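This report refers to the structure that appears directly beneath it.
In my numbering, the protein residues as written are 199 to 353.
See below:
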């Protein structure tokens, strides 16, 4: 329904192509994680009927300017007009959880020196057969190996 801000500036045809692609390939990790933990998780936006209905709508029906801000998911917002937050801006999860600092240029440079990066990424490539692409990747790979020392996630 055009909820992702990075699609709002696309021309209608490009927007529709992008949305159709997302409808085909997107899934939410919570479904698999829930199944692994024995918890049923449903994601309404991935249900076939919801996707089919959404794909019948054009960009003009899904994305609009409201009170000076561009909003997506207009049909959903209009279904629940009495909900206080129905016309609230939709922020990516990283904004709400405070991890936007991680995307600032140089953030990982302050935590991993060029020498550490060169030495560790060479070691990992040689011994773990993983190509580390940048310092951010190395940072998260370290966390992964601390959590799973043998490099294997159970089940």
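We treat Cβ as the ideally placed atom computed from N, Cα and C, and that holds for glycine.
Predicted, not measured: the structure shown is a model, and the values here were computed from it.
> Which full runs of the alpha helix (DSSP H) of 4+ residues lie inside the region 285 to 352, going along the chain?
Replying inline: 291 to 295, 312 to 326, 333 to 345
> What is the DSSP secondary structure of residue 269, reduced to helix, strand or coil?
Replying inline: strand
> For residue 276, which of helix, strand or coil comes out of DSSP?
Replying inline: helix
>> Taking the alpha-carbon of residue 276 as reference, which of 267, 213, 262, 352 has the nearest alpha-carbon?
In response: 262
> Are the region 296 to 311 and the region 333 to 343 touching by the rule of at least three beta carbon pairs closer than 8 Å?
Replying inline: yes
> Where does residue 237 fall in DSSP's three states?
Replying inline: coil
>> For residue 260, count the other beta carbons within 10 Å of its own beta carbon; 16 or more makes it buried, fewer makes it exposed. Which is it?
In response: buried
> Which residues in the same chain have their Cβ closer than 6 Å to the Cβ of residue 245, if we skip the five residues on either side of it in sequence?
Replying inline: none
>> Helix, strand or coil, according to DSSP, for residue 217 in the structure here?
In response: helix
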